[in-house]
Amino acid sequence: MINQQTKKSEVVKIKAVLETPSNRFLARRNIITKSAVIDTDKGKARVTNRPSQEGAVNAVLLKD
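Residue numbers (my numbering): -5 to 58.
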């Protein structure tokens, strides 16, 4: 996850998928897709890559 204010990246634990703009049923099943909003230890973050293609999740911390 990247914090845009401090420009630092860190590894955090994903708690749940809050919403997915492509399909609401994916969020119910906790499937992570590109541009999904996830809940992490540091707060909400938006996924910026395609985890199914790359095998890792990159995200940007959202401002509250």
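Even glycine gets a Cβ: it sits at the ideal position worked out from N, Cα and C.
Exercise. Consider the Cβ of Q(-2): report whether some Cβ of chain C lies at a distance smaller than 8 Å.
Key: Here there is only one protein chain, and chain C is not present.
Self-check item: Beta-carbon contacts of K61 that lie in its chain and below 8 Å, excluding the five residues immediately before and after
Solution: With the chain running from -5 to 58 in the structure shown, residue 61 is simply not present.
Quiz item: Between the C-alpha atoms of I(-4) and R18, what's the straight-line distance to the nearest angstrom?
Solution: One-based indexing of the sequence shown puts residue -4 at position 2. One-based indexing of the sequence shown puts residue 18 at position 24. If I take the Cα positions, the gap works out to 25 Å.
Quiz prompt | Secondary structure of A30, DSSP reduced to three states | solution = As a first step, residue 30 must be located in the sequence shown, where it is residue number 36. If DSSP states are grouped into helix, strand and coil, A30 belongs with coil.
Quiz item: Is A50 helix, strand or coil when you go by DSSP?
Solution: Counting from 1 along the sequence shown, the entry for residue 50 is found at position 56. If DSSP states are grouped into helix, strand and coil, A50 belongs with coil.
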